[in-house]
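J.: There's a structure below that I have some questions on.
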Amino acid sequence: MNHIQRPTRGIGAGEEHASLILNSYRQLLGKDLIETNDSRSLAEQLFDSPTVILSHGTEADPVLNFGNRAALTLWEMDWETFTRTPSRYTAEAMERSERDRFLQAVAEKGYIDNYTGIRISSTGRRFYIKEAVVWNLRDASGRYAGQAAAFKQFENC
């Protein structure tokens, strides 16, 4: 997977979803997730950000619905595979119960801004994420719309 293209369709690729991620972050943390400008769409800027950014929906077993270029590269997946993957599969089986407890805490508080944990790519490569922010996504009506995560630091295990 040497070259990852920005997806041309799908909810995660659109302006509405990019706005949902960026606005929810700003509302909860009081700052911007990424520096934006008017020269490109929010979706393009979010996809091209060097910060790893991903989100999942509200299904009983939440499925990833957005991963930017940095996330797709880190998890070693293309857009189609990534956006069909239940988010629990981003962690090893032994880490999933810890992940579930953590996500419940995020759901209750709204966000956590210092998460660290071990994750696994599609090829089995383990990596340790550091100082991740995980937050609830809320639409313009305040309805829960999933969760997102962002982080800049990680290292292979």
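Take 375 as the starting number for the sequence shown in the working numbering and just add one per residue. For every residue, glycine included, the Cβ atom is placed at its ideal position computed from N, Cα and C.
Please go through the same chain and pick out, in chain order, the residues whose beta-carbon is closer than 7 Å to the beta-carbon of SER415, but skip the five residues on each side of it.
T.: One-based indexing of the sequence shown puts residue 415 at position 41. If we look at SER415 and ignore the five residues flanking it on each side, its Cβ neighbours are GLU389.
J.: Throw me the rounded Cβ distance for the ALA519 and ASP513 pair, which I believe falls under 8 Å.
T.: Position 145 of the sequence shown, counted from the start, is the residue given in the question as residue 519. Position 139 of the sequence shown, counted from the start, is the residue given in the question as residue 513. Going by Cβ atoms, the distance from ALA519 to ASP513 rounds to 5 Å, so yes, they are a contact pair.
J.: Once you ignore the five residues that flank THR455 on each side, which residues in its own chain have a CB closer than 8 Å to its CB?
T.: What you label residue 455 is simply residue 81 of the sequence shown in a count that begins at 1. The residues are SER496.
J.: For a test of the three-state rule: what should DSSP assign to SER496, helix, strand or coil?
T.: Position 122 of the sequence shown, counted from the start, is the residue given in the question as residue 496. Reduced to three states, the DSSP call for SER496 is coil.
J.: Below 8 Å between beta carbons: does that hold for ARG458 and ASP435?
T.: Here residue 458 corresponds to residue number 84 of the sequence shown, with the count starting at 1. Here residue 435 corresponds to residue number 61 of the sequence shown, with the count starting at 1. Their beta carbons are not under 8 Å apart, which means ARG458 does not touch ASP435 by this criterion.
J.: In terms of residues, what are the limits of the beta strand (DSSP E) holding ILE395?
T.: On the sequence shown, residue 395 is found 21 positions in, with the first residue counted as 1. Run containing ILE395: none in the beta strand (DSSP E); it sits in the alpha helix (DSSP H), 389-403.
J.: If we ignore side chains and look at the alpha-carbon of each, how far apart do SER413 and PHE421 end up?
T.: In the sequence shown, the residue the question calls residue 413 occupies position 39. In the sequence shown, the residue the question calls residue 421 occupies position 47. Spanning the two alpha carbons is a distance of roughly 14 Å.
J.: Leaving out the 5 sequence neighbours to the left and right, which residues in its chain are closer than 7 Å to GLN419 when beta-carbon positions are compared?
T.: Taking the first residue of the sequence shown as 1, we reach residue 419 at position 45. So the list reads ILE408, THR410, once near-sequence residues are dropped.
J.: Looking only at its own chain, which residues have a Cβ that is under 8 Å from the Cβ of ASP406, when we skip the five neighbours before and after it?
T.: On the sequence shown, residue 406 is found 32 positions in, with the first residue counted as 1. Excluding sequence neighbours, ASP406 sits near LEU396, TYR399, ARG400.
J.: Report the rounded CA-to-CA distance for PRO460 versus GLU466, giving the unit in angstroms.
T.: By one-based count along the sequence shown, residue 460 stands at place 86. By one-based count along the sequence shown, residue 466 stands at place 92. Distance between the alpha carbons of PRO460 and GLU466: 12 Å.
J.: Hey, quick one: how far does the beta strand (DSSP E) through GLU529 stretch, first residue to last?
T.: In the sequence shown, counting from the first residue as 1, residue 529 sits at position 155. Unbroken beta strand (DSSP E) run through GLU529: 527-530.
J.: What does VAL480 pair with, by DSSP beta-bridge criteria?
T.: Within the sequence shown, the letter at position 106 stands for residue 480. Per DSSP, none; premise fails for VAL480.
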